[in-house]
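**Student:** To convert, take the position in the sequence shown, counting from 1, and add 71; that gives the working numbering.
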Amino acid sequence: MHRLLYMMPLLCALAACSKSPTGPSTNGGSGVLQGQTVSAVDGSAAPDLSVQIGARRPVTSDGNGNFEIEVGDAASYRTTVRGGSIVERQTTVFGPTTDRARLSLIPAGFDLVAFDEMFRSTSQRLTRWTSKPALVVLASVMQYQNGAGTEYEATSEQLSDEETQQMVAHLTEGLGLLTGNTFTSFASVTVERPGAGERVRVARDGQVVVGRYNGIVTFVNTIGYGQWSELSNGTVTGGSMFLDRDFDRADGRRRLLRIHELGHALGYLHVMTRTSIMNPTIGPEPTDFDRLATKIAFQRQPGNRPPDIDPSSNGPLGVTTGTSRLMPPVWCR
């Protein structure tokens, strides 16, 4: 069996007394932040947790997870949530607002080791897309060259319409799975058929570009690999998928390979410590861990660090200013 080789927010609100109310605040005070502590896994209330804003005295969330605290003027406040049932959370909260905001928390028993492998292996901070990517399918088989690059030459061999439709279906399934159903479809789907000899750039901003390539096994002894570009804050801005022509055309495991390589194009690395679609060996179907981990990841900002620390200033989600860098390929064997 081939092996895949390593290469590769929630606004909360808080409360100003030692006890929290059982429901929404009715005092109407403009300087009161209101919030709720909830599980990142299923959104249920996470009660009896210590919530602290800055140097203010901590308050305890009630049986419904609700809490409130007097903060004064509207501003951003560094917030910490602690308790034996959850992973300690540090984040930045803006308020007061008119809504009771929710603070998502990771259950204490969740596998953070595997989560870190999948999402935080790059500089120990979480990487992910913050906007829905577009998908580009290269329906001409491409010629691989010795050494990873960003431009490749098309051959005369073409994928059939049925083959491209199946590939799009597999990748759309994978996108929902690998983003915790944050994105259930691509921003757009384009099928390109470059002519024989035409050189094509496969590293593109805002897009995931996928193709079959001749010679991947010959040159690098792999059945496929993925690559992505990211900003310094961990926001992923582009991705590429390279699938071995023979394996992707004929092997019954091609759906799993495609979903796995999409994971790399989304900015994820290999999971080594438990069964996962991102294991370095092709075979496992998507697991409950994969579904929960991606759901949790998409409730955190890019740049989130272990155990659950959001950056103090990361800008609004979806902002992709700055210069992106192309990360090294994650080879698959």
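All C-beta atoms, glycine included, are put in the ideal place defined by N, C-alpha and C.
These numbers come from a predicted model, not from an experiment.
1. Answer yes if the segment 172-185 comes into contact with the segment 194-207, meaning at least three C-beta pairs across the two stretches below 8 Å, and no otherwise.
2. So, at 6 Å on beta carbons, what are the nonlocal neighbours of Phe-254 in its own chain, with the 5 sequence-adjacent residues on each side left out?
3. Measuring straight from C-alpha to C-alpha, what distance separates Pro-80 and Leu-174?
4. Evaluate contact between the segment 315-323 and the segment 282-294, counting only Cβ atoms and requiring at least three cross-stretch pairs below 8 Å.
5. Under 8 Å Cβ to Cβ from Pro-178, same chain only, skipping five residues before and after it: list those, please.
6. Where does Ile-124 fall in DSSP's three states?
7. Given a threshold of 16 other Cβ atoms within 10 Å of its Cβ, counted over all protein chains shown, does Gln-107 qualify as buried or as exposed?
8. Look at the alpha carbon of Leu-176 and the alpha carbon of Ala-117, and state the distance between them as a whole number of angstroms.
9. Comparing alpha-carbon positions, which option in Pro-357, His-335 and Thr-352 lies nearest Thr-193?
10. Cβ of Gly-438 within 7 Å of Cβ of Trp-299?
11. Out of Asn-292, Pro-373 and Ser-347, which one is the CA nearest neighbour of Val-307?
12. Can the beta-carbon of Ser-311 be found closer than 7 Å to that of Ala-258?
13. With a floor of 4 residues, list each alpha helix (DSSP H) that falls wholly inside the segment 220-280, ordered by position along the chain.
14. For Gly-154, count neighbouring C-beta atoms within 10 Å of its own C-beta (all shown protein chains included) and say buried if the count is 16 or more, exposed if not.
15. Going by DSSP, which residues form a beta bridge with Gln-105?
16. In or out: Thr-162 buried (at least 16 other Cβ within 10 Å) or exposed?
17. Please give me, in chain order, every unbroken run of the alpha helix (DSSP H) with length at least 4 that falls completely inside the segment 169-193.
18. Distance, Cα to Cα, Ala-225 vs Thr-261?
19. From this set, Gly-180, Thr-151, Arg-396 and Val-152, which residue's C-alpha is nearest Leu-363's C-alpha?
20. State the CB to CB distance for the pair Arg-283 and Leu-206, rounded to an integer number of angstroms; the pair is presumed to be in contact (CB under 8 Å).
21. Among Met-213, Ile-367 and Asp-359, which residue has its Cα nearest to the Cα of Val-281?
22. Considering only C-alpha positions, which residue in the set Asp-144, Gln-278, Ile-348 and Met-349 is nearest to Pro-167?
23. Which of helix, strand or coil does DSSP assign to Ala-336?
24. To which residues of the same chain is Pro-378 closer than 7 Å at the C-beta, ignoring the five residues directly before and after it?
25. When you compare the CB positions of Pro-357 and Leu-248, do they come within less than 7 Å of one another, or not?
26. So, is Gly-305 buried or exposed, given that buried needs 16 or more other C-beta atoms within 10 angstroms?
27. Just to confirm before moving on: does the CB-CB distance between Leu-242 and Arg-329 stay below 7 Å?
28. For Gly-99 and Ser-115, what's the separation of their Cα atoms in angstroms?
**Tutor:** Taking the definition as stated:
1. Under the three-pair Cβ rule at 8 Å, the segment 194-207 does not count as touching the segment 172-185.
2. Here residue 254 corresponds to residue number 183 of the sequence shown, with the count starting at 1. For Phe-254, where only same-chain residues beyond five positions count, the Cβ hits under 6 Å are Lys-203 and Leu-246.
3. Walking along the sequence shown from the start, residue 80 turns up at place 9. Walking along the sequence shown from the start, residue 174 turns up at place 103. Residue confidence is low: Pro-80 scores 36 on pLDDT, short of 50, so the model does not pin down where it sits. Its coordinate-derived value is still stated next. Going by the C-alpha atoms only, they are around 7 Å apart.
4. Taking one beta carbon from each stretch, the segment 315-323 and the segment 282-294 have 3 or more pairs nearer than 8 Å; the two touch.
5. Working through the sequence shown from its first residue, we reach residue 178 at position 107. So the qualifying residues of the chain are Ser-110, Ala-111, Val-112, Ser-156, Ile-157 and Val-158.
6. Counting from 1 along the sequence shown, the entry for residue 124 is found at position 53. When secondary structure is reduced to three states using DSSP, Ile-124 falls in the strand class.
7. Mapped onto the sequence shown, residue 107 falls at position 36. Residue environment analysis places Gln-107 among the buried positions, since at least 16 neighbouring C-beta atoms fall within 10 angstroms of its C-beta.
8. One-based indexing of the sequence shown puts residue 176 at position 105. One-based indexing of the sequence shown puts residue 117 at position 46. Using only the alpha carbons, I get a separation of about 8 Å.
9. As a first step, residue 193 is located in the sequence shown; it is residue number 122 there, counting from the start. Of Pro-357, His-335 and Thr-352, the residue nearest in Cα terms is His-335.
10. Shown here, the chain extends from 72 to 404; a query on residue 438 therefore has no answer.
11. The count along the sequence shown starts at 1 and reaches residue 307 at position 236. The shortest C-alpha separation from Val-307 is found at Pro-373.
12. Stepping through the sequence shown from its first residue, residue 311 is reached at position 240. Stepping through the sequence shown from its first residue, residue 258 is reached at position 187. For Ser-311 and Ala-258, no; Cβs fall outside 7 Å.
13. DSSP assignment within the segment 220-280 yields the following whole alpha helix (DSSP H) runs of 4 residues or more, N-terminal first: 232-249.
14. One-based indexing of the sequence shown puts residue 154 at position 83. Of the residues assessed, Gly-154 falls on the buried side of the cut-off, its CB having 16 or more other CB atoms within 10 angstroms.
15. In the sequence shown, counting from the first residue as 1, residue 105 sits at position 34. For Gln-105, which the question treats as bridged, DSSP gives the partners Glu-139.
16. Residue numbering aside, residue 162 sits at position 91 when the sequence shown is read from its first letter. Burial state of Thr-162 is buried, judged by a 10 Å Cβ sphere holding 16 or more other Cβ atoms.
17. You should have 183-190.
18. One-based indexing of the sequence shown puts residue 225 at position 154. One-based indexing of the sequence shown puts residue 261 at position 190. Roughly 17 Å between the two C-alpha positions.
19. Reading the sequence shown from its first residue, position 292 is the one you call residue 363. Here the closest residue by C-alpha is Gly-180.
20. As a position in the sequence shown, residue 283 is number 212, starting the count at 1. As a position in the sequence shown, residue 206 is number 135, starting the count at 1. With 8 Å as the limit, Arg-283 and Leu-206 do not qualify as a contact, their Cβ atoms being about 15 Å apart.
21. For the purposes of this step, residue 281 is taken as residue 210 along the sequence shown, with counting starting at 1. The shortest C-alpha to C-alpha distance from Val-281 to any of Met-213, Ile-367 and Asp-359 is the one to Met-213.
22. On the sequence shown, position 96 is the one that residue 167 refers to. Between Pro-167 and the set Asp-144, Gln-278, Ile-348 and Met-349, the nearest pair of CA atoms involves Asp-144.
23. Translated into positions along the sequence shown, residue 336 becomes position 265. In the structure shown, Ala-336 sits in a helix (DSSP, three-state: H, G or I).
24. Reading the sequence shown from its first residue, position 307 is the one you call residue 378. Val-158, Glu-159 and Leu-183, listed in sequence order.
25. Taking the first residue of the sequence shown as position 1, residue 357 is located at position 286. Taking the first residue of the sequence shown as position 1, residue 248 is located at position 177. Going by C-beta atoms, Pro-357 is nearer than 7 Å to Leu-248.
26. For this step, residue 305 is matched to residue 234 along the sequence shown. By the Cβ-count criterion, Gly-305 is buried, with 16 or more other Cβ atoms from all chains shown falling within 10 Å of its own Cβ.
27. Here residue 242 is taken as the residue at index 171 of the sequence shown, counted from 1. Here residue 329 is taken as the residue at index 258 of the sequence shown, counted from 1. Yes, these two residues count as a Cβ contact at 7 Å.
28. For the purposes of this step, residue 99 is identified with residue 28 of the sequence shown, where counting begins at 1. For the purposes of this step, residue 115 is identified with residue 44 of the sequence shown, where counting begins at 1. Annotation note: pLDDT 41 at Gly-99 (below 50); position unreliable, coordinate value reported separately. Cα to Cα, Gly-99 sits roughly 26 Å from Ser-115.
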